[in-house]
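Residue 238 in the numbering used here sits at position 243 of the sequence shown, with consecutive numbering throughout. We treat Cβ as the ideally placed atom computed from N, Cα and C, and that holds for glycine. This one's a predicted model, so the numbers in the text were calculated from it and none came from an experiment. The next block holds one structure in the form of C-alpha cells; read it before the comments.
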Amino acid sequence: MSEGLRQMTREFRLSPENLIYPLFVTFGKGVKEEIGSMPGNYRWSVDKLAAEAKEIRALGIPAVILFGIPETKDEKGMSGCQPDGVVQNAIREIKNAAPELVVITDVCIDEYTTHGHCGIVGPNGKILNDESLEMLALMALSHAEAGADMVAPSDMMDGRVAVIRKALDTRGFSDIPIMAYAAKYASGFYGPFREACDSSPKFGNRATYQMDPPNAREALREVALDIQEGADIVMVKPALSYLDIIRDVRTRFDMPVAAYNVSGEYSMVMAAAEKGWIDGHRVMMEVLLSIHRAGADMILTYYAKQAAKDLNG
Ligand code: PBG
-4 MSEGLRQMTR EFRLSPENLI YPLFVTFGKG VKEEIGSMPG NYRWSVDKLA
46 AEAKEIRALG IPAVILFGIP ETKDEKGMSG CQPDGVVQNA IREIKNAAPE
96 LVVITDVCID EYTTHGHCGI VGPNGKILND ESLEMLALMA LSHAEAGADM
146 VAPSDMMDGR VAVIRKALDT RGFSDIPIMA YAAKYASGFY GPFREACDSS
196 PKFGNRATYQ MDPPNAREAL REVALDIQEG ADIVMVKPAL SYLDIIRDVR
246 TRFDMPVAAY NVSGEYSMVM AAAEKGWIDG HRVMMEVLLS IHRAGADMIL
296 TYYAKQAAKD LNG
C-alpha cells in the first residue's frame, strides 16, 4: 500500500491537541533539575516557567497540568493552599507568559503533607475522608483565585467533586470546570512520580482510597458518581494497563475522557530505550496511539513535547 493510501485509510490520528503536559514546580530560583527516573522532565522553579510555557504552546499542546513540590510540609498540607504557594505562583507566571495555554492544577494534598497521603490522617492512622474534603476545596479555590483554568482532584476521597464544585460556585468560579481523576487505581506505576515529588506515603499505602486493579465495573460506578457530582471531564489512570477501562468509559458516558499515561509507563519505555532494547520514540508513539484508540480524547503524558515535535513533522 502506498503512503498516500495508508494516510487516507487511517482510522485514528493523534494530534498535539490531544496532549496535556505535566509540569513539576518547585521552590527556589533558577531551578531546572532533571528528574532521574523521568529523563526529559524537570523540576522547575517559577522564574524558569515562562520560556517553557511558551515553548509548550508553540508546539501546539493546548494544556499543562501542574504539580507542586513545596518548601514546607505539614500534617494537613497547608502549603498547598496558600495564595503564594509554588503552584499558585506558577499559575500566574504561566498565564502571563502564554495566556492561551490552558492551566490545569492537580488538587491533592499528598505533595504537601509530611505523611504523603492524599487525605488527612486520623489518630489511628486512618484516612479521614470528610476532614480531607475541606482541604481539597480550599486548595481548589486557591488555584482558581490564582487564575487556573481547570482543577483536577486526584485524591479519590468520596464526595470531593461535589464539595469542590460547590466551593467554586459559591466563590464566583462557576465557569471553572473540573477534570476528575474518576477511576484511579492503586498502581505500582506511580513510582517515579513519587520520587519526583517526594510524596511516597510514609506508612501504609493508598489502597484504602485508590481502586483495586482487578475491578472494572467499579470504575464505571466511580465515573458515574463523579459525573453526578459535577465532573466535566473524567479521567482513567493509569492508561496502558487500563485500556479496557478507557474503552468502557468512552462507550458508556457521553463525556470527554482523559487518560493519564503515568510516570512508570513513561520510565519503563525510556529505560528500555536507554539499554538499546527498544526504539523508545517508536514505542512511545505506539503507546500514545493505543490510548487514543481505546477512547481517550485527552492524554496526560510526560512525552507530550517529543510527541508533538514528531506530529508537527
Ligand atoms: C496524587 C497523584 C499521583 C499522581 C498524580 N497525582 C500519585 C499517586 O497517586 O500516588 C501520579 C502520576 C504519575 O505517576 O505520573 N497527587
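Report the option in the options whose CA atom is closest to the CA atom of residue i.
{"i": "A291", "options": "R245, M265, I273", "result": "R245"}
{"i": "G199", "options": "E47, I122, A141", "result": "I122"}
{"i": "A157", "options": "A219, N307, V264", "result": "A219"}
{"i": "R242", "options": "I115, A175, H287, S74", "result": "H287"}
{"i": "V252", "options": "R201, D170, S236, A226", "result": "A226"}
{"i": "G142", "options": "R38, V278, I273, I99", "result": "I99"}
{"i": "L235", "options": "S137, I294, R1, D153", "result": "I294"}
{"i": "D144", "options": "E269, Q83, E281, T109", "result": "Q83"}
{"i": "E281", "options": "G271, K270, L306", "result": "L306"}
{"i": "R38", "options": "Q77, K68, V81", "result": "V81"}
{"i": "Y204", "options": "N124, K90, G117", "result": "N124"}
{"i": "V264", "options": "M152, F248, V278, A211", "result": "V278"}
{"i": "E140", "options": "P148, G117, R166", "result": "R166"}
{"i": "D249", "options": "K270, G271, I222, W272", "result": "I222"}
Tell me the DSSP secondary structure of residue i in three-state form.
{"i": "T148", "result": "Checking the sequence shown, residue 148 turns out to be Pro, not Thr. P148: strand per DSSP, three-state reduction."}
{"i": "R242", "result": "helix"}
{"i": "R201", "result": "coil"}
{"i": "E281", "result": "helix"}
{"i": "T4", "result": "coil"}
{"i": "M206", "result": "strand"}
{"i": "Y128", "result": "Checking the sequence, you will find Leu at residue 128 rather than Tyr. L128 falls in the helix class under three-state DSSP."}
{"i": "L54", "result": "coil"}
{"i": "T165", "result": "helix"}
{"i": "I171", "result": "coil"}
{"i": "D274", "result": "coil"}
{"i": "D69", "result": "strand"}
{"i": "Q77", "result": "coil"}
{"i": "Y261", "result": "helix"}
{"i": "M134", "result": "helix"}
{"i": "Y298", "result": "coil"}
{"i": "S(-3)", "result": "coil"}
{"i": "L306", "result": "helix"}
{"i": "A45", "result": "helix"}
{"i": "A139", "result": "helix"}
{"i": "G183", "result": "helix"}
{"i": "D221", "result": "helix"}
{"i": "P11", "result": "helix"}
{"i": "E88", "result": "helix"}
To which residues does DSSP link residue i through a beta bridge?
{"i": "P17", "result": "I60"}
{"i": "D101", "result": "A147"}
{"i": "V231", "result": "A178, A254"}
{"i": "R38", "result": "F19, E28"}
{"i": "M293", "result": "A253"}
{"i": "S115", "result": "Reading off the sequence, residue 115 comes out as Ile, not Ser. I115 is bridged to L123."}
{"i": "D193", "result": "D193 pairs with nothing; no bridge assigned."}
{"i": "T108", "result": "D69"}
Checking 8 angstroms against the spacing of the C-beta atoms, do residue i and residue j come in under that value?
{"i": "L96", "j": "V59", "result": "yes"}
{"i": "P57", "j": "E12", "result": "yes"}
{"i": "L54", "j": "I86", "result": "no"}
{"i": "G114", "j": "D150", "result": "yes"}
{"i": "K197", "j": "G111", "result": "yes"}
{"i": "A135", "j": "A92", "result": "no"}
{"i": "Y261", "j": "Y297", "result": "yes"}
{"i": "P187", "j": "S(-3)", "result": "no"}
{"i": "G154", "j": "Y107", "result": "no"}
{"i": "G259", "j": "G183", "result": "yes"}
{"i": "V26", "j": "K43", "result": "yes"}
{"i": "A268", "j": "D274", "result": "yes"}
{"i": "I30", "j": "A214", "result": "no"}
{"i": "P78", "j": "S40", "result": "no"}
{"i": "D69", "j": "T109", "result": "yes"}
{"i": "D105", "j": "S194", "result": "yes"}
{"i": "V102", "j": "I159", "result": "yes"}
{"i": "A211", "j": "I240", "result": "yes"}
{"i": "E224", "j": "M206", "result": "no"}
{"i": "F7", "j": "L283", "result": "no"}
{"i": "V116", "j": "Y185", "result": "no"}
Could one say the Cβ of residue i lies closer than 8 angstroms to chain B's Cβ atoms, at least one of them?
{"i": "P208", "result": "Included in the structure is just one protein chain, with no chain B present."}
- Query: If we count Cβ pairs, one from each stretch, closer than 8 angstroms, do we get three or more for the region 296 to 306 versus the region 14 to 32?
  - Reply: yes
- Query: Hey, is the region 21 to 32 in contact with the region 62 to 78, meaning 3+ C-beta pairs nearer than 8 angstroms?
  - Reply: yes
- Would you check if the region 176 to 185 and the region 125 to 138 touch, i.e. whether three or more CB-CB distances between them fall below 8 angstroms? no
- Query: Is it true that the region 226 to 240 meets the region 156 to 175, where meeting means three or more beta-carbon pairs spaced less than 8 angstroms apart?
  - Reply: yes
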